[in-house]
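Take a look at the structure below.
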Amino acid sequence: MGSLRRGWTGGQWGAMERVVGGSGHSRQVRLSAWLCAVWLALTLPVSVVLAQPGPPPDAAAVTLSASEKREVVLALAEVLRERFAFRERGREAARQIEALELRGAFRDARTAAELLSLIEEQIAPIVNDGHFRARYFGPEMVAGFSDAPPSADEVAAFHDEVRLRGGEIPEVRWLPGNVGYLRISR
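Take the sequence shown: its position 131, counted from the start at 1, is 131 in our numbering, and no numbers get skipped.
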């Protein structure tokens, strides 16, 4: 799936048109490319849906023990402390969340859904960031997650993806007359 997407977003159709541009067959090639694009648009979403794991577990059906709730809340505080974009805000939010947990603010949550609701009510205002989200995935969904840094192969694949998507902009500057200049390399 990833290689199909990279090939598609890597400008395959544009390369095809450059090869045949100006010839008498360019209309036929463009029609073929258009038909291929329609076919891909209709079939790729189906294959993506089929490749996905089942729906996430129902958070309302998952009961949590006191120790599990504590572990979740303290892990959230730790993530904010260590990874929030604004370090001091992250540290302060973590301190406030730990104080809430010590006071028993999450004690009444019986299920993962109730804990998420309390997090939304009590922690989201502390974090005060429109990007903050908390969701329940369940252990089966996060089994493949890792905090380890990416391997050299994963970094290389990421760089290839960025390059194929045209994400390399090696030079950005203002020219005389207030003209913006972007040099894009492929």
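Every residue gets a Cβ at the ideal spot worked out from N, C-alpha and C, and that includes glycine.
Near residue i, what residues of its chain come up, given a Cβ to Cβ distance below 8 Å and the 5 sequence neighbours on each side ignored?
i, result
"R110", "T63 and L64"
"R83", "G90"
"E78", "A94"
"A66", "R107"
Quick one: residues in its chain with C-beta nearer than 6 Å to the C-beta of residue i, no 5 flanking neighbours on either side, listed in chain order?
i, result
"A93", "L80, I126 and V127"
Can you check whether the CB of residue j is closer than 8 Å to the CB of residue i?
i, j, result
"Y136", "A112", "yes"
"V72", "L115", "yes"
"L222", "E98", "Because the chain is modelled from 1 through 186, residue 222 falls outside the range shown and cannot be assessed."
"F132", "A143", "no"
"E121", "A134", "no"
"P57", "G138", "yes"
Tell me whether residue i is buried or exposed, calling it buried when 16 or more other Cβ atoms sit within 10 Å of its Cβ.
i, result
"V179", "exposed"
"E171", "exposed"
"F145", "exposed"
"F158", "exposed"
"F86", "exposed"
"L215", "Since the displayed the chain opens at 1 and closes at 186, residue 215 lies outside it and no answer follows."
"L76", "buried"
Going by DSSP in three states, residue i sits in which element: helix, strand or coil?
i, result
"V179", "strand"
Closer than 7 Å by C-beta to residue i: which residues in its own chain qualify, once you throw out the five before and the five after it? Chain order, please.
i, result
"K69", "F106, A109 and L115"
*4 or more residues per run - each alpha helix (DSSP H) lying fully within the region 97 to 173*: Here the runs fully enclosed are 112 to 118, 124 to 127, 139 to 142 and 152 to 164.
*Jot down the residue ranges of each uninterrupted beta strand (DSSP E) in the region 54 to 87, minimum 3 residues, whole runs only, in chain order.*
none
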